[in-house]
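Under the numbering used here, the first residue of the sequence shown carries the number 25, and numbering increases by one thereafter. Backbone N, C-alpha and C define an ideal beta-carbon position, used for all residues, glycine too. Owing to the predicted nature of the structure, the values given are computational and were not obtained by experimental measurement. Accompanying notes for the structure given below.
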Amino acid sequence: MTHPLRLRNFRLLFVSRTMSTLSDALVPTALSLAVVKVTGSATMLAVVLGCALGVRLVLLPVAGAVADRFDTRKVALLADLTRMVTQAVVAVELLGDNPSIALIAVAQAVAGAASAVGLSNLSPLVTKTVPASGGMRIKANSLMGVAKSVSLLAGPALAGALIFAVGFGWVFVADATAFGISATLMLLIRLDKGAEETEGASAGPAERRSIRADLIEGFTEVRARDWYWTSLIAHAVWNFVANILLTLGPLSAVKRLGGEGSWVAVTQAGGVGLLLGSLVSGWARPKRPVLVGNIALASYALPLTLFAADAPVLLLVTGYGIALAALGFLNPTWDSTVQAVIPQSALARVSSYDWLVSLAAQPLGVILAPVALSLWGERVPFAAAAVLVAAVCVGTAAVPGVRGLRLDYAALARSAPAEDPETGTVPEARTVHSGGKGAGSPA
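Shown next, in the form of C-alpha cells:
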C-alpha cells in the first residue's frame, strides 16, 4: 500500500499547507501584542482583529464558489501570494518609526479574504492529489491534522521567541516568507490534464453561471444531507461552548484553581490531546464515522463540568486533554467522510459553509461568556455549556442520516483505480451506505 507522502503532489501540498498553517498560527499573538504596544487601546485591537475575522466570515461562501469554479491549485497559489504581500506590508509598517494602524487593519482584512479562499480550498486539494484507494485519504487527512496541531502548538511559542529576539516586525517578515515558500511549493504541484479538465468542467463557457447560482447549488448540497447540516449545528455548538471555556477558564484558573500556571497546563494538555487524536484518526476506521465523531465531541462536557465543580488541576488537565483529543480525531475523520460523499464539483462550496457555521459561533461564545458571568457567576455558565454540548452532540444520533451513513473502506479500496505515484490522480470513489434521506447519494 502506497503511503500518501510517497506521492510527489501530496508531499508538496503537505509542506505547503503546513507552512501556511504555521504562518497563520504566528499572527494572532504577534499582531495582538504589536497593536497593543503601538496604540495601548483594546478598542483598536478589536478593530484590527475584527477586520480579518469579519471579512473571512462574510466571504467564506463566495470563496467556496470561486474555489469550485476555477483551477484549485491556482486559486490556492493566489491566496498564498496575497497573504505574503499583506504580511509584508504589516512587517514594513512595524519596522518603521510610525506604523499606520489603519493600513495594518486594511492588510489584515485583505488577508482575511485570502484566508477564506484557503480554508475552502483545502479539501478539494487533498482529493485532487491523493487517491481514495487503500485508505490513503484518511492517512492524508490525519497527516494534515497532525501538521495543524503541531503548528497551533508551535506558532505562539515561535512568535513569542521572535518578538523577544528581534521584534514584532520580523515576525511578519518570517510570516510573509513562509507564505512565499508555500506559494512556491503550490506552483510546483502538477495535476494531470484530466483532473484539471474535470475540475473546470462546471465553469466552462457553455455552462457558466452566476456566483449566486453556485452559492444556491452549494447550499442545496448541504441541505439535502441531514447528516451534514445537523452535524454542522453540533459543531457550531461545540465551537460556541469552547469559546466560553477559553474566555472564562483563565479567570477561573487565576481566581480559584491555583493561578496562571494551572491554565497554561490545561491549554498545553489540550494541544497534546489534539495531536494524539489526529494521529489516532490515521488508523481508525469507524463504520459510522459521523456518529462516532459527533459522540466523541460530546466529551467537551467533561472539562466544562470539572471547571464548574472546582475540580483539582490534574483532573482539569486530563479532562481537557481528552476533549481536545476527540476534536483531533473528528477533524480528519470528518474531512475523509465529506470527501468520499460530496461531489467533487461542489466540495469547496460545501466546505465553505462548514467553516462559516463553525467560525461564526466562536465570537458568539466570547461575547456571551462575560454576560453570563455577570448574571450567574462562574459556575453556572460552565455547567450550562456542559449540558448544551453533550445534549446537542449526542442528540445527532437521533438523525437517520447520522446513524445510517456508513463507509465501506474495503469497497472504497477495491473500487478505486490504481494511482500514479507521481501525479496522485484521484478517483471519484464514493462507497457509502445510508439509512437517512439524502445522506450518502451524490447529487
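By the Cβ-count criterion, T244 is exposed, with fewer than 16 other Cβ atoms from all chains shown falling within 10 Å of its own Cβ. Here V150 is buried: its Cβ has 16 or more other Cβ atoms, across all protein chains shown, within 10 Å. For the options D199, A200, V134, the alpha carbon positioned closest to that of V82 is the one of V134.
When secondary structure is reduced to three states using DSSP, R93 falls in the helix class.
Per DSSP, W307 lies in no alpha helix (DSSP H) and is assigned neither H nor E. Membership of I257 in the alpha helix (DSSP H) is indicated by the continuous run 250–280. Relative to L303, the option among F188, G352, V114, V154 whose CA is nearest is G352.
For G343, the enclosing alpha helix (DSSP H) covers residues 337–365. Rounded to the nearest angstrom, the gap between the Cα atoms of V296 and S382 is 22 Å. With a contact defined as Cβ atoms closer than 8 Å, I205 and A89 miss out at about 28 Å. The beta-carbon separation of I187 and A54, rounded to 6 Å, stays under the 8 Å limit for a contact. When only Cα atoms are considered, V365 and A207 end up about 29 Å apart. For A126, the uninterrupted alpha helix (DSSP H) run begins and ends at 125–153, by DSSP.
When only Cα atoms are considered, V72 and L431 end up about 43 Å apart. Boundaries of the alpha helix (DSSP H) harbouring G193: 192–212, taken from the DSSP string. Contact check between the segment 375–389 and the segment 152–159: fewer than three CB pairs, one atom from each, fall below 8 Å, which does not count as touching. Taking a contact as a CB-CB distance under 8 Å, the pair A347 and L326 counts as one, their CB atoms being some 6 Å apart. When the alpha-carbon of L31 is set against those of A372, K152, R107, P180, the nearest one is in K152. When the Cα atoms are used, L177 and S47 turn out to be separated by approximately 12 Å.
Where A237 is concerned, the enclosing alpha helix (DSSP H) starts and stops at 235–247.
Going by beta carbons, V261 and A293 fall outside the 8 Å limit.
Counting C-beta atoms within 10 angstroms of its own C-beta, L212 has fewer than 16 neighbours from the protein chains shown and is therefore classed as exposed. For G283, there is no enclosing alpha helix (DSSP H), as DSSP marks it with neither H nor E.
Comparing C-alpha distances from L29 to each of T96, A103, S166 shows the shortest one belongs to S166.
When only Cα atoms are considered, Y377 and Y324 end up about 23 Å apart.
In the three-state scheme derived from DSSP, where H, G and I count as helix and E and B as strand, V423 is classed as coil. Membership of L383 in the alpha helix (DSSP H) is indicated by the continuous run 371–400. In the DSSP assignment, T329 falls within the alpha helix (DSSP H) that extends over 325–332.
Membership of R30 in any alpha helix (DSSP H) is not indicated, and neither H nor E is assigned to it by DSSP. For G120, no alpha helix (DSSP H) encloses it, and the DSSP letter there is neither H nor E. In this structure, V265 lies away from G419, with their beta-carbon atoms at least 8 Å apart.
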